[in-house]
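Structure first, commentary second.
Number of protein chains: 2
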Amino acid sequence: MSDHEGHCYELVADCRLRAAIDLFAHTWDPVVLAALRSRPRRRRELRTAIGGISDKVLTETLHRLLANGLVERRAFAAAPPRVDYSLTDLGKSLVDGPMMALGGWIIEHGDELLDAQERAARTQSTRG
Amino acid sequence: MSDHEGHCYELVADCRLRAAIDLFAHTWDPVVLAALRSRPRRRRELRTAIGGISDKVLTETLHRLLANGLVERRAFAAAPPRVDYSLTDLGKSLVDGPMMALGGWIIEHGDELLDAQERAARTQSTRG
DNA sequence: GCCGTTACGCACCGATCGGTGCCTAATGAA
DNA sequence: TTCATTAGGCACCGATCGGTGCGTAACGGC
């Protein structure tokens with residue numbers, strides 16, 4: 104808990120931390136993960152629950168999450184085709200761990216962040 | 104600690120969590136944050152310490168981090184111009200909190216993640 | 001006065017991301 | 001047989017991101 108730390112944090116470009124950060128790199132990936140947090144959902148359900156995500160992008164997002172082993176796909180041979188997506192254990196650990204940490208942080212520091220952003224924007228335009 | 108939770112995680116598209124996730128959206132932002140973790144650094148120092156980041160992108164990254172109040176800029180009227188960048192308290196809290204959480208997660212689950220990724224890649228090409 | 005270092009700005013470019021629209025496959029109900 | 005529903009694929013597009021290269025301003029050393 105200190106060996107890798109030093110190494111990782113000096114030159115993060117090649118660090119495994121990047122692999123973790125990349126899991127959040129695409130706009131909708133964390134959104135879909137969050138949407139699957141409470142229970143498995145079908146494609147359609149995801150689209151309506153999330154709202155604002157396009158059909159294509161949802162497909163791509165699910166593929167990425169599947170490829171990263173964060174989400175599971177289960178197809179049923181039902182009348183209208185039924186496919187359920189759910190978090191894997193790995194996915195759950197990511198959501199319950201780091202994503203919750205980020206959620207906690209934004210709850211704690213969200214106002215600070217907004218203040219800083221507005222102040223910076225103001226400074227930029229007023230320039231004095 | 105449960106009111107926002109339910110709301111946020113149902114429809115994350117508009118949630119404040121997005122604002123936090125967006126802080127990691129750009130490739131080099133977390134890298135620069137990590138590089139500033141131990142101590143303030145100059146531009147040049149950052150470039151060489153990070154390795155692989157272009158001059159322009161470093162500028163953009165620093166601007167974003169400044170605009171988000173995660174980083175401070177301090178210019179000295181010195182012989183070759185000297186500018187120090189350092190983490191603000193807000194930046195520190197982000198690095199020490201969520202980023203460390205992500206770091207801890209990848210240390211704990213990195214192998215799982217790699218396994219899942221390889222298995223998925225194999226499944227995709229072999230298709231059986 | 002010229003040079004080297006440092007901190008930028010700016011123009012250009014290819015790759016990727018996300019959005020829109022259209023088309024197909026599966027399957028039970030009518 | 002036709003239809004509605006659901007899961008997806010595919011082509012196209014504009015915006016953005018990151019990379020490369022070049023130019024510039026500040027300032028002390030020589």
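Top to bottom, those sequences are chains W and S.
Following the numbering used here, the numbering of the first sequence begins with 104 at its first residue and continues without gaps.
Following the numbering used here, the numbering of the second sequence begins with 104 at its first residue and continues without gaps.
The beta-carbon is built from N, C-alpha and C at its ideal position, and this holds for glycine as well.
As the structure is a computational prediction, the values presented were derived from the model and not from experiment.
Beta carbon of residue i nearer than 9 Å to that of residue j
i, j, result
"Y188(W)", "R144(W)", "yes"
"A128(S)", "N171(W)", "no"
"S196(W)", "H212(S)", "yes"
"L217(S)", "A122(W)", "yes"
"V135(W)", "T164(W)", "yes"
"G207(S)", "W208(W)", "no"
"L139(W)", "L190(W)", "yes"
"L168(S)", "R146(S)", "no"
"L193(S)", "E148(W)", "no"
Buried or exposed by the 16-neighbour rule on C-beta atoms within 10 Å, applied to residue i
i, result
"R176(S)", "exposed"
"G155(S)", "exposed"
"D132(S)", "buried"
"A204(W)", "buried"
"T151(S)", "exposed"
"M104(W)", "Because the pLDDT at M104(W) is just 38, under 50, the model does not fix this residue reliably, and the value given afterwards should be weighed accordingly. The residue in question, M104(W), is exposed, as its Cβ has fewer than 16 Cβ neighbours within 10 Å."
"E108(W)", "For E108(W), the predicted structure reports a pLDDT of 40, less than 50, and the residue's modelled location is therefore unreliable. A value from the coordinates is still provided. With fewer than 16 other Cβ atoms within 10 Å, it is exposed."
"R142(W)", "exposed"
"R230(W)", "Residue placement at R230(W) cannot be trusted, given a pLDDT of 46 that sits under 50; what the coordinates show is reported in the next sentence. When all chains shown are included, R230(W) counts as exposed."
"D106(S)", "Here D106(S) scores only 33 on pLDDT, less than 50, and its place in the model should not be relied on; the value that follows carries that caveat. Classification for D106(S): exposed."
"R222(W)", "exposed"
"R225(W)", "exposed"
Heavy atom of the ligand NAP within 8 Å of residue i beta-carbon
i, result
"A138(S)", "For the structure depicted, the ligand NAP is absent and the ligand set is empty, with no information on it obtainable."
One or two residues paired with residue i in a DSSP bridge
i, result
"L168(S)", "Note: L168(S) sits in no beta bridge, so no partner."
"V186(W)", "A178(W)"
"R119(S)", "Paired residues: none, contrary to the question."
"R145(W)", "D187(W)"
7 Å Cβ cut-off: residues of chain S touching residue i
i, result
"A219(W)", "N171, G172 and L193"
"P288(W)", "The structure shown does not extend to residue 288(W), since chain W is modelled only from 104 through 231, so no value can be given for it."
"A49(W)", "Outside the displayed range of chain W (104 to 231) lies residue 49(W), so it cannot be described from this structure."
Whole-angstrom C-beta distance between residue j and residue i, which should lie under 8 Å
i, j, result
"A137(W)", "V198(W)", "7 Å"
Interface residues of chain S facing residue i [CB-CB closer than 8 Å]
i, result
"F127(W)", "I124, F127 and A128"
Residue i: contacting residues in chain W (beta-carbon distance under 8 Å)
i, result
"L197(S)", "W208 and H212"
Beta-carbon neighbours of residue i, restricted to chain S and to distances below 9 Å
i, result
"P133(W)", "V115, L120, R121 and I124"
"E215(W)", "G172, D192, L193 and S196"
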